[in-house]
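For the sequence shown, position 22 matches number 22 in the working numbering, and the numbering has no gaps at all.
Built from N, CA and C at the ideal position, the CB exists for glycine as well.
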Amino acid sequence: MRRLVALALGIGLTAATASAGAQDIPMPRVERHAGGVSITLMPGVTPAIRVPTTLPGAAAPVAPAPVAPLEPAAPAQPTQPIQPAPEATRPTGALRLFGVFVGITDYPSASDLPFCADDARRMQRAFLNAGLMQVEHTAVLTDRAATRGQVTAAIDRFSRMAGAGDTVVFFFSGHGNQVPDQDGDELDGTDETLLLADGAMTDDELTALLARGAGRDFVALDSCYSGGFQRDLARLPDSVGFYASAEDQVSYVADEFSAGGYLSYHLAQNITRMAGRPIPMWELQRDLAADFERSGASQRQHLTVGLSRGVNTRTVLLDAPPAAIARYAVL
1 MRRLVALALG IGLTAATASA GAQDIPMPRV ERHAGGVSIT LMPGVTPAIR VPTTLPGAAA
61 PVAPAPVAPL EPAAPAQPTQ PIQPAPEATR PTGALRLFGV FVGITDYPSA SDLPFCADDA
121 RRMQRAFLNA GLMQVEHTAV LTDRAATRGQ VTAAIDRFSR MAGAGDTVVF FFSGHGNQVP
181 DQDGDELDGT DETLLLADGA MTDDELTALL ARGAGRDFVA LDSCYSGGFQ RDLARLPDSV
241 GFYASAEDQV SYVADEFSAG GYLSYHLAQN ITRMAGRPIP MWELQRDLAA DFERSGASQR
301 QHLTVGLSRG VNTRTVLLDA PPAAIARYAV L
């Protein structure tokens, strides 16, 4: 409105000046009234100009919208606790390890082997102390208790209990032998055997027993000609084997360590040393080979390692259950 009044004043002054000539120009007069103002630029000369306070066509003032009263906020709902996944859907991984530990010192029908029964007990303790197994998931069979029937029953029981992601450990310290191949699957025409208290168990029989499980098989054989088991056990979908000697070599008693064999002693030592953390394939294989070299065992017998298609050098072979559960919770 201020801009329009100034414009009107300017126009009026110009017109008045032109008509009045050089005479003095009287001061404009402004009168207020309802609805606007009247402006007389030259009293007595020009008519009054009526200016409304609201211009025609201008938008009327907008009345403020009524504000609705605020409704009280709904009470906060308590946070529902996150329910754990059902046990059946929990990722498996290496959550359970089962172990059959066999060692025979006192043979009824063959020469005795010192310390072999101790090897089985020492190996069980190493797994238990490392937190890898629960005692109820282990079986220790020594001397006359290590019969074909008992060993078969123990392996069969744990193999059937093992699910995907579980591991069955089979350890043997004792005599090994070779016999003529019965089914033509051996290139050299011989089957390797483990000599138990009342008879032999062939490589074919051991492989068939371990094949009943859905988990991984971890085999450690400290016996003569034990490397010959490698070909058969490698046919399993998920297995790893450590053998004290090649299939054409005998294995020696580790007298300096009071152990029935070098593999028995060094494997137990490594499991104890690595306790509390995952044990990968590459590290265990490397350290066992180094131990064989340092102790001089490699000069007489060659550590043999066998892997199936389900295992590679990066595979974690052994892991304590708490560590495995913590890893899957993060994934």
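Within a 10 Å sphere around the beta-carbon of residue 120 sit 16 or more other beta-carbons, which makes this residue buried.
Counting C-beta pairs with one atom in each stretch, the segment 129 to 136 and the segment 272 to 287 have three or more that are closer than 8 Å, which means they touch.
DSSP lists 192 as the beta-bridge partner residues of residue 178.
Annotated three-state conformation of residue 216 is strand, per DSSP.
The Cβ atoms of residue 217 and residue 263 do not sit closer than 8 Å to each other. Counting only residues of its own chain and dropping the five nearest sequence neighbours on each side, residue 108 has a CB closer than 8 Å to the CB of 144, 197 and 198.
In the DSSP annotation of this structure, the continuous segment of the alpha helix (DSSP H) that includes residue 161 starts and ends at 148 to 161. The beta carbon of residue 288 is closer than 7 Å to those of 242, 266, 267, 270 and 303 in its chain, skipping five residues each way along the sequence.
In this structure, DSSP gives residue 303 a state outside helix and strand, which the three-state scheme calls coil.
If the five residues before and after residue 249 are omitted, its C-beta is found closer than 6 Å to the C-beta atoms of 301, all from its own chain and listed in chain order. Ranked by how close their Cα comes to the Cα of residue 139, the residues 114, 148, 98 and 111 have 98 in first place. Bounds of any alpha helix (DSSP H) do not take in residue 242; it lies within the beta strand (DSSP E) bounded by 239 to 243. Taking the CA atoms as reference points, residue 318 sits about 24 Å from residue 228.
Taking C-beta atoms as the reference points, residue 181 and residue 207 fail to come closer than 8 Å. Residue range 167 to 173 is occupied by the beta strand (DSSP E) that includes residue 173.
Taking C-alpha positions only, residue 134 is separated from residue 201 by approximately 27 Å. In the three-state reduction of the DSSP assignment, residue 115 falls in the coil class.
One Cα belongs to residue 179, the other to residue 190, and the distance between them is close to 5 Å. Per DSSP, residue 142 is not a residue of any alpha helix (DSSP H); the beta strand (DSSP E) it occupies stretches across 138 to 142. Annotation for residue 229: the continuous alpha helix (DSSP H) segment containing it runs 229 to 233.
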